[in-house]
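So the protein sequences, as listed, match chains V and R.
First residue of the first sequence? That's -7 in our numbering, and the numbers climb one at a time after it.
First residue of the second sequence? That's -7 in our numbering, and the numbers climb one at a time after it.
In what follows, a single structure is set out as structure tokens and then discussed.
There are 2 protein chains.
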Amino acid sequence: MNDALDVSLRLVRAQTALVKRFDASLSGLHGVSLADFTMLLRLGQAPGGRMRRVDLAEKLGLTASGVTRGLAPLERIGLVTRESDARDGRVAYAALTGTGRERLTDMLATAERIAAEVFAAPLWSKEDIGQFSTLLTRLGGTGLPGHGTPPP
Amino acid sequence: MNDALDVSLRLVRAQTALVKRFDASLSGLHGVSLADFTMLLRLGQAPGGRMRRVDLAEKLGLTASGVTRGLAPLERIGLVTRESDARDGRVAYAALTGTGRERLTDMLATAERIAAEVFAAPLWSKEDIGQFSTLLTRLGGTGLPGHGTPPP
DNA sequence: CACCGATCCTTGACTGCTCAAGCATGCTGA
DNA sequence: TCAGCATGCTTGAGCAGTCAAGGATCGGTG
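Structure follows, in structure tokens:
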């Protein structure tokens, strides 16, 4: 088998394990999945804690319908609200609520702790992490700050 | 945000993109998903092209029920058959059929081509790929289920 | 103005996995 | 011997995402 194919399959495998680990802690402590947390995090990074849903989808690498479905439970439990645009009737914003912001702070602390555990010294050095990040970005890390894909 | 958390989220993002790319080509050319292909590949690597289903699950990082569900369509289209163990009535094997082997050869060629495209020079050197593989292995490599799921 | 295509979002039907429960079967030790 | 536990597998219910279709709104053009 190809080295490139081997590394591709390894990547897939490593990701599912990583996601499981985050899901376990986040759902145990905060009742959200990693996907939920990522949605909230991106919202929290946007100015005013709000984004058009279609932009959120692009940021997350989901389809618009994925965002609709993912936000629904977060709206139901009051972490996110829906806002409309005065000028453009098509647009709906997703916005963090006050509670959403508070809860996000806690989730972020948990997520950072898990990540720090996963990439803990002495197995992982700062250089390793930097190198890993570079390689992952090269692979197609769109939607993340600082590495934007210009419009077509 | 943490570097470690950042790299974790990048990993998740990169994987979904990669999977989409493989899925597109594999399903277009061979009518199977990447998950299907990976199942067949692991079967093909096993002696005699057959494995106990529970071992296959472990190899793939799935649950036993995931294997049952994943193999069903492959059995239906005749790439895999079910065999039973003469000594242990509980065990069922999954085995590649002749057709399965042939089709797998083609799929493998496609998958290797895609992987080679993704990790193509000049963006990726052989050393980059090796480094990437090392880091991914460190992260969970061929690891297995039971990655520590604490009680609720 | 009135239409037409593009954009934003939601919904229905589906896939692909999970967990929990259940059914056989096998193994062990009193 | 056989009761009880462990193992292998399947099944029902549910969750998270996809695609395709559809409804609403916007913007440009005749």
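The C-beta atom is built at its ideal place from N, Cα and C for all residues, glycine as well.
If you measure from the beta carbon of Thr60/V to each beta carbon in chain R, is any gap under 7 Å?
Indexing the first sequence from 1 puts residue 60/V at position 68. Closer than 7 Å to the CB of Thr60/V there is not a single CB belonging to chain R.
Determine the extent of the beta strand (DSSP E) in which Ser76/R is found, giving its start and end residues.
For the purposes of this step, residue 76/R is taken as the residue at position 84 of the second sequence. Ser76/R: member of the beta strand (DSSP E) spanning Val72 to Ser76, first to last residue.
If I follow the unbroken beta strand (DSSP E) through Arg82/V, where does it start and stop?
Within the first sequence, residue 82/V is the residue found at index 90, counting from 1. Neither: Arg82/V is in no beta strand (DSSP E) and is coded neither H nor E.
Coil, strand or helix - Met43/R by DSSP:
Counted from its first residue, the second sequence places residue 43/R at position 51. Under the three-state reduction of DSSP output, Met43/R falls in the strand class.
Using the three-state DSSP reduction, which class does Ala111/V fall into: helix, strand or coil?
Working through the first sequence from its first residue, we reach residue 111/V at position 119. It is Phe, not Ala, that sits at residue 111/V in the sequence shown. For Phe111/V, the secondary structure class from DSSP, reduced to helix, strand or coil, is coil.
Chain R contact for Ala5/V (CB, 7 Å cutoff)
The count along the first sequence starts at 1 and reaches residue 5/V at position 13. The residue asked about is misnamed: residue 5/V is Arg in this sequence, not Ala. It does; some Cβ of chain R falls within 7 Å.
What separation, rounded to the nearest whole angstrom, lies between the Cα atoms of Val59/R and Gly92/R?
Taking the first residue of the second sequence as position 1, residue 59/R is located at position 67. Taking the first residue of the second sequence as position 1, residue 92/R is located at position 100. Going by the C-alpha atoms only, they are around 17 Å apart.
Out of curiosity, what's the CA-to-CA distance linking Lys51/R and Arg79/V?
Against the second sequence, residue 51/R aligns to sequence position 59. Against the first sequence, residue 79/V aligns to sequence position 87. Rounded to the nearest angstrom, the gap between the Cα atoms of Lys51/R and Arg79/V is 54 Å.
So, is the C-beta of Phe111/V closer than 7 Å to a C-beta in chain R?
Position 119 of the first sequence holds residue 111/V. The C-beta of Phe111/V comes closer than 7 Å to at least one C-beta of chain R.
My output table needs one value for Ser117/V: the three-state DSSP class, helix, strand or coil.
Within the first sequence, numbered from 1, the residue matching residue 117/V stands at position 125. Note: Ser117/V maps to coil in three-state DSSP.
Looking at C-alpha atoms only, which residue of Leu21/V, Met(-7)/V, Met31/V and Ala38/V is the closest neighbour of Gln37/R?
Here residue 37/R is taken as the residue at index 45 of the second sequence, counted from 1. Of the listed residues, the one whose Cα sits closest to Gln37/R is Met(-7)/V.
Touching by the beta-carbon criterion (3+ pairs, under 8 Å), the stretch 21 to 37 of chain R and the stretch 81 to 98 of chain R
Yes, since at least three Cβ pairs between the stretch 21 to 37 of chain R and the stretch 81 to 98 of chain R fall closer than 8 Å, the two stretches touch.
Whole-Å CB distance - Thr102/R paired with His22/R, under 8 Å assumed
Mapped onto the second sequence, residue 102/R falls at position 110. Mapped onto the second sequence, residue 22/R falls at position 30. Correct: roughly 7 Å between the Cβ atoms.
Check each residue of the stretch 72 to 105 of chain V: if its Cβ is closer than 7 Å to any Cβ of chain R, include it; give the result in chain order.
Hits within the stretch, in order: Ala103 and Glu104.
Keeping to the same chain, check which residues put their C-beta closer than 8 Å to that of Asp28/R; ignore five residues upstream and five downstream.
Here residue 28/R is taken as the residue at index 36 of the second sequence, counted from 1. Answer for Asp28/R: Leu18, Gly62, Pro65 and Leu66, listed in chain order.
Excluding the 5 residues preceding and the 5 following Gly70/R in the sequence, name in chain order all residues of the same chain whose CB lies nearer than 8 Å to its CB.
For the purposes of this step, residue 70/R is taken as residue 78 along the second sequence, with counting starting at 1. Counting only Cβ-Cβ distances below 8 Å, and skipping sequence neighbours, we find Thr89, Thr91 and Gly92.
Express the C-alpha separation of Arg2/R and Ser125/V in angstroms, rounding to a whole number.
Position 133 of the first sequence, counted from the first residue, corresponds to residue 125/V. Position 10 of the second sequence, counted from the first residue, corresponds to residue 2/R. Each residue's CA atom was taken as its position, placing Ser125/V and Arg2/R some 7 Å apart.
Between the Cα of Met31/R and those of Leu10/R, Gly81/R, Leu54/R and Ala(-4)/R, spot the shortest distance and give me the residue it belongs to.
On the second sequence, residue 31/R is found 39 positions in, with the first residue counted as 1. Comparing Cα positions, the closest option is Leu54/R.
Meets three-Cβ-pair contact criterion under 8 Å: the stretch 107 to 123 of chain V and the stretch 103 to 111 of chain R
In this structure the stretch 107 to 123 of chain V does not touch the stretch 103 to 111 of chain R; the number of beta carbon pairs closer than 8 Å is below three.
Arg42/R to Arg130/R span [Cα, whole Å]
As a first step, residue 42/R is located in the second sequence; it is residue number 50 there, counting from the start. As a first step, residue 130/R is located in the second sequence; it is residue number 138 there, counting from the start. Approximately 29 Å, taken between the alpha carbons.
Leaving out five residues before and five after Gly40/V in sequence, what residues of the same chain have Cβ atoms less than 8 Å from its Cβ?
Here residue 40/V refers to the residue found at position 48 of the first sequence. Only Ala87 meet the Cβ criterion.
Applying the criterion that 16 or more other CB atoms from any shown protein chain within 10 Å of the CB defines a buried residue, is Gly81/R buried or exposed?
On the second sequence, residue 81/R is found 89 positions in, with the first residue counted as 1. Result: exposed.
Classify Gly132/R as helix, strand or coil using the three-state DSSP reduction.
Position 140 of the second sequence, counting from 1, holds the residue named residue 132/R. The three-state reading of DSSP puts Gly132/R in coil, since its state is none of H, G, I, E or B.
Proximal residues, the stretch 34 to 68 of chain R versus chain V, C-beta separation under 7 Å:
Taking 7 Å as the Cβ-Cβ cut-off against chain V, the residues of the stretch 34 to 68 of chain R that qualify are Gly53.
Which ranges does the beta strand (DSSP E) cover as unbroken runs of at least 3 residues, wholly within the stretch 0 to 62 of chain V, from first to last along the chain?
Counting only runs of 3 or more residues that sit fully inside the stretch 0 to 62 of chain V, the beta strand (DSSP E) segments are 42 to 44, in chain order.
Nearest candidate by alpha-carbon position, reference Ala9/V, set Leu127/V, Pro114/V, Val110/V and Leu128/V:
Sequence index remark: in the first sequence, residue 9/V carries index 17 (1-based). Comparing Cα-Cα distances from Ala9/V to each of Leu127/V, Pro114/V, Val110/V and Leu128/V, the minimum goes to Val110/V.
Going by DSSP in three states, Thr97/V sits in which element: helix, strand or coil?
The residue you call residue 97/V lines up with position 105 of the first sequence. Helix, per DSSP.
Could you tell me whether any non-hydrogen atom of the ligand GTP is closer than 6 Å to the CB of Thr102/R?
Ligands are entirely absent from the displayed structure, and the ligand GTP is therefore not among its contents.
Determine, using beta carbons only, whether Ser25/V comes closer than 7 Å to chain R.
Sequence index remark: in the first sequence, residue 25/V carries index 33 (1-based). No, its Cβ sits nowhere closer than 7 Å to a Cβ of chain R.
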